[in-house]
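When we follow our numbering, the leftmost residue of the sequence shown carries the number 4, and every step to the right adds one.
Report on one structure; see the data block that follows.
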Amino acid sequence: MLRRKVLIGQEKFQSEYGHLYEKALQEARDYVAHPDKLKAALELRERRGDPMQLRAPEADPYSYRLTLYRGFIRFPQRLKNFIIAENEPKSLTRSFLPTIMDVEPNSRCNFRCIMCQVSGWRYGRRAEDLGVDELKAFVEEQPGLIEVKLHGMGEPLLHERYFEMVQYLSELHIWVRTNINGSLLHVRDNSLRLIGSGIGEVQASFDGATKEVFEKIRRKSNFERVMENLTLLNDYANQQDRPYTRMWVLVQKYNRHQIFEFVEMAKRMGFRRLTFSLSLNDWGQESWQAKNNDLQATGDFSEEELRQLAMIGLREGIDVSIWKQAAKYSTENLDTICSWPFNRPYISCDLRVVPCCMIANPEIADLGDAKDFKQVWNGPAYQAFRQAHLDGQVPKVCRGCYVS
């Protein structure tokens, strides 16, 4: 299990990072032994924040940190790899293996959402599902993983052995999150099985506050069924000792006018967290760029809208956050270049290495065979891809995420 080691020698690691490692390992041991201290530290951080300032979404910090700490104690190589990843600047080759990955269990969906590339695939499917044994064999070669988004271009609950995958990863103290469309939670006790699998966070896509808008955007869906299912999920999840679920709203021209209604809808269905995503993705394709440019809502949220959302969220007990991807990066300097080429790959269900989840399709951009990931990670294709970013010559498939 977890055979690989960090990509630099022990002597060099000790010289450059030994003091950081010892400090981090002690912190992990201390907080795992005394989780109340971690909770108190995080509560103090939260009190210092401005409740009227909408932030970017983040995982439940207490559960997330404890998961990482337990993994660091059990797998010291994971902590060593993490320390290198946190401190190494962007460069052509990497001295660490990725700490976070997107791993796609399946590339098929029962919806045909108007802004999603799956709707353009024949039968809403691109490739065969990833096998559980394939996942395990891949993860065993990835000792640096602290987090996996076990989701890609599809509805993960269509995978017959999805919960087995989540359980396997969580037993290795890897934080697992996913995104669902809410259509299958009533089947075979899926709502209970999902929370009980060891999942870290469940993002639920919900793009319309009325039946008309919801089903216009999320074609082949059933508004009432999804509402019932997400309420069922939250009824169970909220009995647990931490927040599990998050409503995820992809803002576009058809639902832009409903932003305040979404907070009320989140309350009705039992969500404690809600994120507005303000960017439609072009999937690295000109055809989708044209389609989604037409669907994109005009303008960001105004200061007054942000203030009202914060006020409604406080009143209803909903943690409202904002996520924006488009034009997030620039080639101005190393810090503003996209970090995905240097830190985080997307692994497709047919085990191809794809640059990121904003492309999420090896037919558009393929960096190599995931079964030979260690060679691919510092191989010529990845180096060329990184060099293009470093030189300011952003690859065409990436330009949708950069400032024009």
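A virtual CB, placed ideally from N, CA and C, is assigned to each residue, including glycine.
Computed from a prediction, not measured in an experiment: that's the story for all the values here.
Within 10 angstroms of the Cβ of residue i, are there 16 or more other Cβ atoms? Answer buried if so, exposed if not.
i: A453; result: There is simply no residue 453 to check, as the chain begins at 4 and stops at 407 in what is shown.
i: F263; result: exposed
i: R389; result: buried
i: V106; result: buried
i: N184; result: buried
i: E143; result: exposed
i: R58; result: exposed
i: N296; result: exposed
i: H22; result: exposed
i: N90; result: exposed
In chain order, what residues of the same chain lie with their CB nearer than 7 Å to the CB of residue i, ignoring the 5 residues before and after it?
i: A140; result: none
i: A387; result: none
i: Y257; result: V216, K219 and I220
i: A240; result: I198, Y247 and T248
Go through its chain and collect everything with a Cβ distance to residue i's Cβ below 6 Å, but skip five positions before and after it.
i: D322; result: R276
i: D369; result: R355
i: H1; result: Since the first residue shown for the chain is 4 and the last is 407, residue 1 is missing from the structure and cannot be characterised.
i: C359; result: W343 and Y349
i: K152; result: D105 and R180
i: I202; result: V169 and V179
Let me know the secondary structure DSSP gives residue i once reduced to three states.
i: M4; result: Because the pLDDT of M4 is 47, which lies under 50, any placement of that residue in the model is unreliable, and the number read from its coordinates should be weighed accordingly. Coil.
i: A212; result: coil
i: V254; result: coil
i: M55; result: coil
i: I177; result: coil
i: T248; result: strand
i: K408; result: Shown here, the chain extends from 4 to 407; a query on residue 408 therefore has no answer.
i: Q243; result: coil
i: C112; result: coil
i: A31; result: helix
i: G199; result: helix
i: E264; result: helix
i: D63; result: coil
i: E158; result: coil
i: K93; result: coil
i: H132; result: Going by the sequence as given, residue 132 is Asp instead of His. It is coil, neither helix nor strand.
i: V169; result: helix
i: V151; result: strand
Ordered along the chain, which non-local residues of its own chain (more than five positions away) have a Cβ less than 8 Å from that of residue i?
i: L188; result: L160, S194, L197, N232, L233, L235 and L236
Please tell me whether, using a cut-off of 7 Å, the distance from the CB of residue i to the nearest non-hydrogen atom of the ligand FMN is below it.
i: V357; result: In the structure on display, the ligand FMN does not appear, and there are no ligands present to speak of.
ask   = So, do the region 206-221 and the region 160-177 have three or more beta carbon pairs nearer to each other than 8 Å?
value = No, because fewer than three Cβ pairs between the region 206-221 and the region 160-177 fall closer than 8 Å, the two stretches do not touch.
query = Are the region 213-229 and the region 273-289 touching by the rule of at least three beta carbon pairs closer than 8 Å?
reply = Counting Cβ pairs under 8 Å, fewer than three are found: no touch.
request  = Identify every run of the alpha helix (DSSP H) within the region 274-330, keeping only runs that are complete inside it and at least 4 residues long; order them along the chain.
outcome  = Given a length threshold of 4 residues, each whole run of the alpha helix (DSSP H) inside the region 274-330 is given here in chain order: 289-298 and 306-319.
ask   = Counting pairs of Cβ atoms below 8 Å between the region 68-81 and the region 172-184, do you hit three or more?
value = In short, these stretches touch, since the Cβ pair count reaches three.
key: At least three beta-carbon pairs within less than 8 Å, the region 281-300 to the region 364-382   = Yes, they touch.
inquiry  = Within 8 Å, do at least three Cβ pairs link the region 310-328 to the region 112-127?
reply    = Contact between the region 112-127 and the region 310-328 is not established, with fewer than three Cβ pairs separated by less than 8 Å.
task = Would you check if there are 3 or more beta carbon pairs closer than 8 Å linking the region 21-34 to the region 76-83?
result = Judged by pairs of C-beta atoms under 8 Å, the region 21-34 touches the region 76-83, as three or more such pairs exist.
query = Which runs of the alpha helix (DSSP H) spanning at least 4 residues fall entirely within the region 326-400, listed in chain order?
reply = For the region 326-400, whole alpha helix (DSSP H) runs of length 4 or above, ordered along the chain, are 343-346, 376-380 and 383-393.
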